[in-house]
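First residue of the sequence shown? That's 3 in our numbering, and the numbers climb one at a time after it.
For each residue, glycine too, the CB sits at the ideal point set by N, CA and C.
Structure first, commentary second.
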Amino acid sequence: MLEQKNISFYTILCNFGANPIDVNVLIESCTRIAVTHLKLIYSRIQKLLISDSLSLEDLAIDSIARLFAVSPEYNKTPIENAFHNWQPKISNEDEAIYFINKIVSNRVEQHVNKMLRNSDPFFAKILTTVEHYINKSSCKKLNHFGRICVVNENIFEITDTVINDDEFSVLPANLFLENKELFPNLFNFLSEETEHFPAIPLNSLVYKLKYLNVQSFTASEITASHLPKIEIEEIVCAGLNSTLKKLGSDYIARYKISDEDGDLFKKALTDIAEDLKNGGVSPGLYKYLQKHSEELSKEDYRKKYHNILEYLLKLMKNEIGEMLAGKKM
3 MLEQKNISFY
13 TILCNFGANP
23 IDVNVLIESC
33 TRIAVTHLKL
43 IYSRIQKLLI
53 SDSLSLEDLA
63 IDSIARLFAV
73 SPEYNKTPIE
83 NAFHNWQPKI
93 SNEDEAIYFI
103 NKIVSNRVEQ
113 HVNKMLRNSD
123 PFFAKILTTV
133 EHYINKSSCK
143 KLNHFGRICV
153 VNENIFEITD
163 TVINDDEFSV
173 LPANLFLENK
183 ELFPNLFNFL
193 SEETEHFPAI
203 PLNSLVYKLK
213 YLNVQSFTAS
223 EITASHLPKI
233 EIEEIVCAGL
243 NSTLKKLGSD
253 YIARYKISDE
263 DGDLFKKALT
273 DIAEDLKNGG
283 VSPGLYKYLQ
293 KHSEELSKED
303 YRKKYHNILE
313 YLLKLMKNEI
323 GEMLAGKKM
């Protein structure tokens with residue numbers, strides 16, 4: 003939460019841009035809020051932070067940056083536009099502080115979800131289908147201290163503690179087996195068997211479903227009473243093999259890279275495929291190569307390897323995505 007001290011955030015928002023120093027104070031405050039929210043979900047984003055150049059503060063700044071970029075459509079920043087269009091209208095300091103916490107937590111969740119989607123095609127597929135199912139059921143999403151939670155549609159506020167990621171990960175598997183009963187089962191269990199509020203953390207649910215490997219997560223099959231499972235191992239292996247063939251035919255066979263560099267890429271892609279099965283790819287791709295070539299500098303990596311590895315990773319993700327969508331296999 004924000005500490006008010008002698009700062010009036012209500013005044014800053016009402017007169018946004020009049021004093022650049024005040025805007026900087028607001029940005030710094032929003033960054034602190036974003037860092038706090040990221041700490042609450044650290045277990046979910048740890049893999050995203052495995053990079054020398056990405057810290058919690060970096061991720062926090064990336065999350066809120068768009069709030070302070072002037073939109074050509076409105077000729078003002080999104081945070082200004084949201085403030086003036088907020089309902090009910092903001093009229094005092096407490097309401098301004100609530101608004102800032104709410105809009106920052108929403109931006110953090112959106113940014114993290116986008117990164118998770120980009121780093122893990124299985125997460126993306128499952129999340130898309132779960133959200134589709136939420137829209138088709140008597141449920142809705144609420145933001146609770148930076149976490150998006152699924153609740154019954156008649157709930158307007160989460161008034162008690164929400165189950166944490168670690169506790170959710172060990173919930174009984176039988177609660178997740180029938181898609182039509184998924185949300186009712188979880189709501190009932192949380193209400194009757196735990197001391198938590200009947201709210202389901204969305205990302206925790208996605209990770210649990212991926213771990214259990216119980217659903218195909220194809221939107222067209224969402225009405226089935228019992229969904230078939232994703233063969234994660236099989237799909238990742240097929241995606242890797244297809245990408246390695248492309249590496250051989252397009253780069254090694256055509257002498258665009260040496261056999262030695264070809265082996266280096268193969269090892270890196272194999273490690274990346276393993277990470278895709280276990281939660282997503284680290285944004286620091288350099289480390290995948292540096293692990294197998296300790297003398298490789300970041301400068302040489304950027305000059306010789308970066309574009310090729312990014313291209314091959316994109317191919318592998320596309321291949322996996324097509325298999326998940328049922329276009330292959």
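Which residue comes first and which comes last in the alpha helix (DSSP H) that contains residue i?
i, result
"LEU15", "11–16"
"LYS104", "95–121"
"PRO174", "Run containing PRO174: none; DSSP gives neither H nor E here."
"GLU235", "234–249"
"ALA62", "58–66"
"HIS294", "Counting along the chain, HIS294 falls outside any alpha helix (DSSP H), and DSSP gives it neither H nor E."
"TYR1", "No answer is possible for residue 1: it lies beyond the span of the chain, which begins at 3 and ends at 331."
"SER260", "Per DSSP, SER260 belongs to no alpha helix (DSSP H) and is neither H nor E."
"PHE191", "184–195"
So, is the C-beta of residue i closer than 8 Å to a C-beta in chain C?
i, result
"ASP252", "No chain C appears in the structure shown, which is made up of a single protein chain."
So what does DSSP say about residue i, is it helix, strand or coil?
i, result
"ASN156", "coil"
"PRO200", "coil"
"ILE150", "strand"
"ILE136", "helix"
"ALA20", "coil"
"ALA255", "coil"
"THR161", "coil"
"MET325", "helix"
"ASN166", "coil"
"LYS319", "helix"
"GLN1", "There is simply no residue 1 to check, as the chain begins at 3 and stops at 331 in what is shown."
"ARG34", "helix"
"GLU276", "helix"
"GLU312", "helix"
"LEU28", "helix"
"LEU179", "coil"
"ILE43", "coil"
"LEU214", "helix"
"GLU207", "Residue identity differs from the one stated: residue 207 is Leu in this sequence, not Glu. The answer is helix: DSSP assigns LEU207 an H, G or I state."
"LEU129", "helix"
"PHE124", "helix"
"SER53", "Note that SER53 scores a pLDDT of 47, beneath 50, so its modelled location is shaky; the value from the coordinates is reported in the next line. It is coil, neither helix nor strand."
Residues bridged to residue i by DSSP?
i, result
"LYS269", "Beta-bridge pairing links LYS269 to no other residue."
"LYS78", "SER73"
"ASN145", "ILE150"
Distance, Cα to Cα, residue i vs residue j?
i, j, result
"PRO230", "LEU278", "Annotation note: pLDDT 40 at PRO230 (below 50); position unreliable, no value reported."
"LEU15", "ALA98", "8 Å"
"ASP96", "THR33", "19 Å"
"VAL110", "LEU144", "14 Å"
"ILE105", "HIS113", "12 Å"
"VAL216", "ALA175", "Any reading at VAL216 must be qualified, since the residue scores a pLDDT of 42, below 50, and its modelled position is unreliable; the value itself is stated next. Answer to the nearest angstrom: the Cα atoms are 10 Å apart."
"ALA126", "PRO203", "16 Å"
"PHE18", "ASN77", "13 Å"
"GLY286", "ILE310", "14 Å"
"ASP261", "ILE254", "6 Å"
"GLU400", "PRO22", "Within the shown structure, residues of the chain are numbered from 3 to 331, placing residue 400 beyond reach of any answer."
"VAL132", "SER140", "13 Å"
"LYS248", "TYR290", "19 Å"
"ASN87", "LEU188", "35 Å"
"ILE102", "LYS268", "47 Å"
"ILE274", "SER295", "16 Å"
"GLU276", "LYS258", "26 Å"
"PHE332", "ARG304", "This structure cannot settle anything about residue 332, because the visible part of the chain is limited to 3 through 331."
"ILE29", "ILE92", "19 Å"
"GLN48", "SER73", "32 Å"
"TYR313", "SER299", "20 Å"
"LEU315", "LEU271", "7 Å"
"GLU297", "ILE322", "32 Å"
Do three or more CB pairs link the region 36–43 to the region 79–90 at distances below 8 Å? no
Does the count of Cβ pairs from the region 160–171 and the region 198–211 closer than 8 Å reach three? yes
Assess contact between the region 122–129 and the region 57–66, defined as three or more Cβ pairs (one per stretch) separated by less than 8 Å. Is contact present? no
Inspect the CB distances between the region 182–197 and the region 232–247 and report whether three or more fall short of 8 Å. no
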